[in-house]
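Below is one structure, written out as structure tokens; comments come after it.
In UniProt numbering, the protein residues as written are 1 to 150.
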């Protein structure tokens, strides 16, 4: 999860504390980003209802930066009808995020083992990487159980 800015913005940012001097940092109301930034003393947070709205506000210049997932950003830009080349990732990482499948506590170990086996087979066959490449940036590769972003 990195902070993004308009490419045309004349902002020099390298550390999280640099964001405290900005006029508006766009975040989704009551999500983890909002809660964390608020807890470490950010007083310049501008809240939106969802990430799509935050991206639009960034594009319109109504906020200076907004945190977004690298994996999700291209899809948000497309959904918001925003040319992604007008938005730029800053070097400021808010946190790393891991995606996973969760099961109910009463799901049997046998069912979970079946899911894991099917997933392992999908990865071993190369089909997982093919599907991933179809939807995500070609510079993103899967190695073992990690997503590597170049």
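Where a beta carbon is used, it is the ideal one built from N, C-alpha and C, also for glycine.
Being a predicted model, the structure only gives us computed values, none of them experimental.
How should residue i be labelled, buried or exposed, when 16 other C-beta atoms within 10 angstroms of its C-beta is the threshold for buried?
i	result
residue 8	exposed
residue 93	exposed
residue 151	Because the chain in this structure spans residues 1 to 150, residue 151 falls outside the shown range and cannot be described.
residue 60	exposed
residue 4	buried
residue 63	buried
residue 34	buried
residue 87	buried
residue 48	buried
Leaving out the 5 sequence neighbours to the left and right, which residues in its chain are closer than 7 angstroms to residue i when beta-carbon positions are compared?
i	result
residue 76	51, 52, 55, 68
residue 95	1
residue 16	92
Which residue from the options puts its Cα closest to that of residue i?
i	options	result
residue 25	38, 102, 66, 80	66
residue 29	23, 57, 46	46
residue 97	119, 32, 112, 129	32
In the structure shown, what three-state DSSP assignment does residue i receive?
i	result
residue 46	strand
residue 92	strand
residue 135	helix
residue 112	helix
residue 103	coil
Measure the Cβ-Cβ separation of residue i and residue j and say whether it is below 8 angstroms.
i	j	result
residue 2	residue 89	yes
residue 44	residue 20	yes
residue 84	residue 91	no
residue 115	residue 101	yes
residue 112	residue 103	yes
Which same chain residues end up closer than 6 angstroms to residue i when comparing Cβ atoms and leaving out the 5 residues on each side of it in sequence?
i	result
residue 82	59
residue 122	128
Could you name the residues of the same chain whose beta carbon sits closer than 8 angstroms to that of residue i, not counting the 5 residues immediately before and after it, in chain order?
i	result
residue 79	52
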